[in-house]
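Per the UniProt record's numbering, the sequence shown runs over residues 1 to 376. Data first, discussion second: the structure below is written as structure tokens.
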Amino acid sequence: MDKTRRKVLTGAGSLALGATLGSRRGSRAASPDPVPTQARTRLVLLGVGAGRTAWRGCSCGGISSAVAVGKDVYLVDFGRGWLDAYYAAGLASPGPQARPGGLETLRAAFITHLHADHVVDYSELLLFGSTDGLLRRKSPVQIHGPGAVPAQRSAFLASGHHVDLVNPSNPQPGTREMTESLYRGFASDLNDNITDSGKPNPHRYLDVHDIVLPAGLQASFANPAPRMRPLPVYRDENVAVSAILVNHRPMFPAFAFRFETADGVIVFSGDTTRCENLIELAQGADILVHEAIDLGWARNLFPQPLSFAHAAKLRHLTQAHTDAAVLGEIASAARVKTLVLSHLAPPTLPDSAWLSQIHGFDGKVVVGKAHLTLAL
């Protein structure tokens with residue numbers, strides 16, 4: 001389809017996927033259709049900023065998204081500001097602002113990988129959850145994320161130069177170990193909350209799981225995303241969630257997630273380069289939420305000549321993330337209906353600059369914004 005005829009969704013409002021917002025790429029509707037109040041399944045972007053930075057206070061928020069099915073919410077990643085955004089987006093249960101609560105709606109959470117920008121505010125769930133409504137849930141919140149890879153830890157030393165590791169005896173703990181370490185680090189507060197305020201041990205209302213890779217799968221730092229079938233991770237009456245390894249080398253494991261509901265399918269790429277596993281996971285999805293980096297921005301980020309640290313960071317930016325210019329090809333290969341750009345590097349780039357890089361895709365394109373809501 002010629003780019004002048006593509007239907008494009010942009011902005012931070014609440015939009016219905018069926019709305020036709022314009023006849024030119026980058027056009028905006030004067031009055032976009034709101035998400036219908038009866039919409040059962042919604043994608044909510046809580047934040048879209050990439051990287052271990054606050055972008056000088058940019059209102060983009062840190063990387064975090066949610067799938068809401070009826071009154072139940074399923075979170076993907078715990079980026080900067082996710083909790084405040086959760087309330088601002090209307091995902092919490094109703095109640096007076098003067099009284100804490102609201103997280104009763106959170107049913108499960110999924111972590112794509114353990115880079116800081118995806119888990120920086122994970123501790124808010126552990127520390128504020130008992131006050132903010134989790135104790136009123138009938139069952140614990142299920143949390144699923146990457147496991148540890150003890151057999152691969154020598155890969156941290158494979159670069160051939162001296163590195164001064166943090167916690168060298170266990171340099172890459174998984175989600176469960178990370179959670180237990182946070183409990184230990186915050187034990188003064190948590191134990192005071194237990195003994196002085198009568199709150200239960202957080203193990204009572206948070207149930208944390210490492211995603212276990214299939215036996216025999218030859219996956220490693222060197223081969224982070226071998227071809228595999230999607231791996232079932234979670235299921236309830238609202239949603240079935242599956243995961244697949246993606247290539248965010250050297251961070252391993254890193255996952256993409258697929259959410260299947262009665263209303264349609266939403267897929268989150270996590271952080272990855274172009275990856276055949278992701279294309280397989282996203283086949284036929286209604287919405288693909290995919291990370292995007294502007295390589296021109298990345299290459300102009302550091303002064304020349306490059307220092308060792310700058311060269312290493314540039315290598316990561318260009319080789320471990322997805323060039324926005326190939327996102328159209330990925331979305332087309334996966335036969336998705338709508339492509340949503342998120343985990344934006346940088347999040348300050350104008351919409352037109354992102355949209356001008358999308359080629360070869362006939363579906364709708366959305367430049368993600370904090371609090372943007374799309375209904376299936």
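No residue lacks a Cβ here, since even glycine has one placed at the ideal position from N, Cα and C. Just so it is clear, the structure is predicted and the values come from calculations on it, not from any experiment.
By the CB criterion at 8 Å, residue 70 and residue 46 fall outside the cutoff. With contacts defined by Cβ atoms closer than 8 Å, residue 267 and residue 245 do not form a contacting pair. Taking the Cα of residue 113 as reference, the smallest distance to any Cα among 173, 183, 43 is reached at 173. Between residue 227 and residue 260, the gap from beta carbon to beta carbon reaches 8 Å or more.
Residue 373 sits in a strand when the DSSP states are folded into three classes.
Just measuring C-alpha positions, the residue of 258, 219, 237 sitting nearest residue 249 is 219. Excluding sequence positions up to five before and after residue 349, its CB lies within less than 8 Å of the CB of 294, 297, all in the same chain and listed in chain order. With contacts defined by Cβ atoms closer than 8 Å, residue 359 and residue 63 do not form a contacting pair. CA-CA distance, residue 337 to residue 376, rounds to 11 Å. Looking at the DSSP output, residue 323 sits in a beta bridge with 293. Residue pairing by DSSP places residue 302 opposite no residue, since no beta bridge is assigned to it. With a cutoff of 8 Å on beta-carbon distance, residue 110 and residue 241 are scored as near each other.
According to the DSSP assignment, residue 128 belongs to no beta strand (DSSP E) but to the alpha helix (DSSP H) extending over 122–128. Residue range 82–88 is occupied by the alpha helix (DSSP H) that includes residue 85. Counting only unbroken stretches of 4 or more residues, the alpha helix (DSSP H) elements lying wholly within the region 178–215 are 187–197, in sequence order.
Residue 101 is a Cβ neighbour of residue 132, given a cutoff of 8 Å.
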